[in-house]
Amino acid sequence: MSYTNEQVSHLVEGTLDWETTFRMLSMPKDNSRFEQYVAALQAKVGFKDRIVLPLAPHMYIVQSAKTKQWLIKCDCGHEFCDYKENWKLHASIYVRDTEEAMTEVYPKLMAPDTQWQVYREYYCPTCGTLHDVEAPTPWYPVIHDFEPDIEAFYKEWVNLPVPERVD
Ligand SMILES: [Zn+2]
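Quick note: the sequence shown, position 145, residue 364 per my numbering, numbers continuous.
Have a look at this one:
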């Protein structure tokens, strides 16, 4: 099964959901699609750091062109932190924990009871892109997303050499 340039451009525009994206990228032993995808992303962003792995439609793990450290970086060039850290702790966070704040974005009757559920929105401090939303109970700590096993991804899934990393 192969994908057309049009489908790849949907990927790049972020108009496919992340599950579909990952399914498309993780066909075993097909390195060309991943390379094609990363090259298209790389052409779109304004920075020179090499994209190691896309994390979300507007967020990447990159290899710093200067230091070779792996960083979490926004489309706009904003650097959040080292890729092993929780980028959410470096984001601008907006918590919707009142009925008024909820009904700004959710129809009144569908908005959850804020005693039981709040919405935490994580924005880029530089460009304001919304990168993630969590809907936890109010006392739940900030969720650290999965740490992707990048070495395994490169070796076993896309069959490409792992980019160099300096901590
Ligand atoms: Zn940004």
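Virtual Cβ for every residue (Gly too), placed ideally from N, Cα, C.
Between the alpha carbons of valine 257 and glutamine 334 lies a gap of roughly 42 Å. Residues with their Cβ less than 6 Å from any non-hydrogen atom of ligand 1, running along the chain, are Cys293, Asp294, Cys295, His297, Cys343, Thr345, Cys346, Thr348. Alanine 354 and glutamine 336 do touch by the CB rule: their CB atoms are close to 6 Å apart, below 8 Å. The Cβ atoms of valine 281 and aspartate 301 lie no closer than 7 Å to each other. The C-alpha of glutamate 323 lies about 41 Å from the C-alpha of alanine 284. Around the CB of tyrosine 359, fewer than 16 other CB atoms lie within 10 Å, so the residue is classed as exposed.
Here valine 271 really is in contact with proline 382; their C-beta atoms are around 5 Å apart, less than 8 Å.
Rounded to whole angstroms, the gap between the alpha carbons of leucine 274 and aspartate 332 is 31 Å.
By DSSP's assignment, tyrosine 342 forms a beta bridge with Ser311, Leu349. When the five nearest sequence neighbours on each side are left out, the beta carbons in the same chain lying within less than 6 Å of the beta carbon of phenylalanine 299 are those of Ile291, Trp306, His309, in order along the chain. By the C-beta density criterion, cysteine 346 is exposed, having fewer than 16 other C-beta atoms within 10 angstroms. For the alpha helix (DSSP H) assignment, the uninterrupted runs of no fewer than 4 residues enclosed by the segment 246-300 are, from N- to C-terminal side, 250-263. If you look at threonine 322, you'll find it in the alpha helix (DSSP H) that goes 318-322.
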